[in-house]
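Read the structure below first, then the notes.
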Amino acid sequence: MQFNVFKNTVLLFVLVLISCASKTKNNISETNTVLAKTETEIDNPTTKQIIVGANQTAAYLPLLKGKRVGIVANQTSVLFKTNSKTPSFDSNVHIVDSLLEIGVAVKKVFAPEHGFRGTADAGEVVKDGIDTKTGLPIISLYGKNKKPTVAQLQDLDVVIFDIQDVGARFYTYISSLHYVMEACAEQNKTLIVLDRPNPNGHYIDGPILEMEHTSFVGMHPVPVVHGLTIGEYAQLINGEKWLNNAVQCDLKVITLKNYNRQMAYDLPIKPSPNLPNAQAINLYPSLCFFEGTNVSAGRGTDLQFQVYGSPFLPKTDYVFTPKSNDGAKYPKHKNIACNGYNLSEVEPLNGLNLSYLIEAYKSTSNPSDFFVKNGFFTKLAGTKKLQQQIEAGWSVDKIKATWTSGLNAFMVKRKPYLLYK
69 MQFNVFKNTV
79 LLFVLVLISC
89 ASKTKNNISE
99 TNTVLAKTET
109 EIDNPTTKQI
119 IVGANQTAAY
129 LPLLKGKRVG
139 IVANQTSVLF
149 KTNSKTPSFD
159 SNVHIVDSLL
169 EIGVAVKKVF
179 APEHGFRGTA
189 DAGEVVKDGI
199 DTKTGLPIIS
209 LYGKNKKPTV
219 AQLQDLDVVI
229 FDIQDVGARF
239 YTYISSLHYV
249 MEACAEQNKT
259 LIVLDRPNPN
269 GHYIDGPILE
279 MEHTSFVGMH
289 PVPVVHGLTI
299 GEYAQLINGE
309 KWLNNAVQCD
319 LKVITLKNYN
329 RQMAYDLPIK
339 PSPNLPNAQA
349 INLYPSLCFF
359 EGTNVSAGRG
369 TDLQFQVYGS
379 PFLPKTDYVF
389 TPKSNDGAKY
399 PKHKNIACNG
409 YNLSEVEPLN
419 GLNLSYLIEA
429 YKSTSNPSDF
439 FVKNGFFTKL
449 AGTKKLQQQI
459 EAGWSVDKIK
469 ATWTSGLNAF
479 MVKRKPYLLY
489 K
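For reference, each letter of the sequence shown is one residue, going 69 to 489 in the working numbering.
Below is the structure:
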């Protein structure tokens, strides 16, 4: 898979410096004229190169003029600044830094799971703090405070949401999106979502979440893999009135250019510590079910979500031993050899693969201990039925047949909110 970016792009940072040297730093409208001109020059539809929402500066800078701005962001919130078709991290500039440079009144940053710089473990509480580079206050949205408070929004006019999602219901950035939308709606703040492609946007699959099983790893009645960009998902939340008391947010989505959901999309920056590459992102919706079992999905290795195994599975040709590392300080089965399978070179999936889960359950030495007792598997699946079906020995085809009506209904429900072919 390959990520397409700009052709003949003049570095935005250079333009900003030139603009700032000749104009006052706060003259956003003049700077925007320069940036819009650059967009016009590089936006050649015949190249079919994807231009992310963050780079659609002509569309959203006017909305920020004279406004006090908060940003929900992490390490993926960048403007791409390279002529290369596969940008490196060094060639990108964070949106917070760029907006500050041109005089936008950014007041604070809200950090989701894994933190503003994206280094915290999965499930690790993200703490409030100060960004050492900009001096901006960082407010955690992962921990006790998942929803911005009245006090945290009172000195803001506009909130920007710019985070790379991976298209799975249990990936918590869409839960953070829900709470940010809800807070903005309740406090009459505008929310601007800068859209980014969904690397798993080419299919829809999985059971629909049953509302009695809602949690932070599943808040909405959607399938495990929903096939929407984060901008489309925001429109779905708003349009279906899923926010508390059916409030609706003043939502503006800055759309992608030259994108359709069947385009292969390889993320240039890993969206979280344990999704290091395209293979892990592709396998994540299928292997994340193991997080609710006694099987490791590779946390604590350098093949996160590309392997699976446990000490309770029969010996295989592949053995791995989870160790403490960045993004997994206390991995499952730490320092214990796990018998398992290496999927790092399998062909990309076009649907959920339940065979890994079913075969692991069938071959475990103690089936009664396979599913964790705290009910986390049910939260991931969004239903008790999947565990019950696996325990009853159902086949993949038989299980998936029970999802058909729900998926068909979801296809109809999501249709009004689609922004791309």
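Don't be surprised by glycine CBs; every beta carbon is placed ideally from N, CA and C.
Residue state for ASP233 is assigned as coil, using DSSP reduced to three classes. Straight-line measurement puts the Cα of HIS246 at about 21 Å from the Cα of ASP223. In the three-state DSSP reduction, CYS356 falls in the helix class (H, G or I). When the beta-carbon positions are compared, ILE260 and TYR128 come within less than 8 Å of each other. At least 8 Å separates the beta-carbon of THR240 from that of PRO265. Per the coordinates, the alpha-carbon of ALA332 lies some 26 Å from the alpha-carbon of VAL464. By the neighbour-count criterion, in which a residue is buried when 16 or more other Cβ atoms sit within 10 angstroms of its Cβ, TYR398 is exposed. Comparing C-alpha distances from PRO275 to each of PRO484, SER473, LYS483, LYS489 shows the shortest one belongs to SER473. Ranking LYS320, ASN345, LYS201 by CA distance to the CA of LYS257 puts LYS320 first. Between the segment 302-318 and the segment 331-348, the count of Cβ pairs shorter than 8 Å is below three; the stretches do not touch.
The beta carbons of VAL161 and VAL174 sit no closer together than 8 Å. The residues LEU355, PHE358, VAL363, SER364, ALA365, GLY366, GLY408, TYR409, LEU411, TYR424, ALA428, in chain order, have a CB closer than 8 Å to that of TYR376 in the same chain once the five nearest residues on each side in sequence are set aside.
The shortest C-alpha to C-alpha distance from GLN220 to any of THR202, ALA179, THR200, ARG237 is the one to ALA179.
The C-beta distance from ALA251 to PHE184 rounds to 18 Å, too long to meet the 8 Å contact threshold.
ASP196 and LYS135 do not touch by the CB rule: their CB atoms are close to 23 Å apart, not below 8 Å. In this structure PRO484 is exposed. Its beta-carbon is surrounded by fewer than 16 other beta-carbon atoms within 10 angstroms. Just so you know, the alpha carbons of TYR301 and LYS383 end up roughly 42 Å apart. Using a 10 angstroms sphere on the CB of SER392, the tally of other CB atoms stays under 16, which defines it as exposed. From the listed residues PRO267, PRO435, ASN476, the smallest Cα separation to PRO416 is found for PRO267. The alpha-carbon separation between ILE198 and PRO341 amounts to approximately 21 Å.
DSSP places HIS162 inside the beta strand (DSSP E), whose first and last residues are 160-162. Minimum Cα-Cα distance from ASN421 among the listed residues SER436, TYR271, GLY443 corresponds to TYR271. If you compare the alpha carbons of GLY286, TYR210, GLY121 with that of LEU448, the shortest gap goes to GLY286. Cβ contact annotation for LYS452 (same chain, cutoff 7 Å, sequence separation greater than five): THR446, in chain order.
By the CB criterion at 8 Å, VAL248 and PRO216 fall inside the cutoff.
With a contact defined as Cβ atoms closer than 8 Å, LEU262 and GLY121 qualify at about 3 Å. A direct Cα-Cα distance of roughly 7 Å separates PRO344 from GLN372. With at least 16 other beta carbons inside 10 angstroms of its own, PRO390 counts as buried.
For ASN476, the enclosing alpha helix (DSSP H) covers residues 472-482. Your pair GLY235 and HIS294 checks out as a contact, with CB atoms roughly 6 Å apart and the cut at 8 Å.
Counted as a single uninterrupted DSSP element, the alpha helix (DSSP H) harbouring SER423 occupies residues 423-431. Taking ILE404 as the centre and dropping the five residues before and after it, the same chain places the C-beta of PRO379, THR389, PRO390 closer than 8 Å to its C-beta, in chain order. In this structure, ASN326 places its C-beta atom within 8 Å of the C-beta atom of ILE119.
Remark: C-beta atoms of LEU147 and VAL177 do not approach each other more closely than 8 Å. Per DSSP, reduced to three states, the secondary structure at TYR301 is helical.
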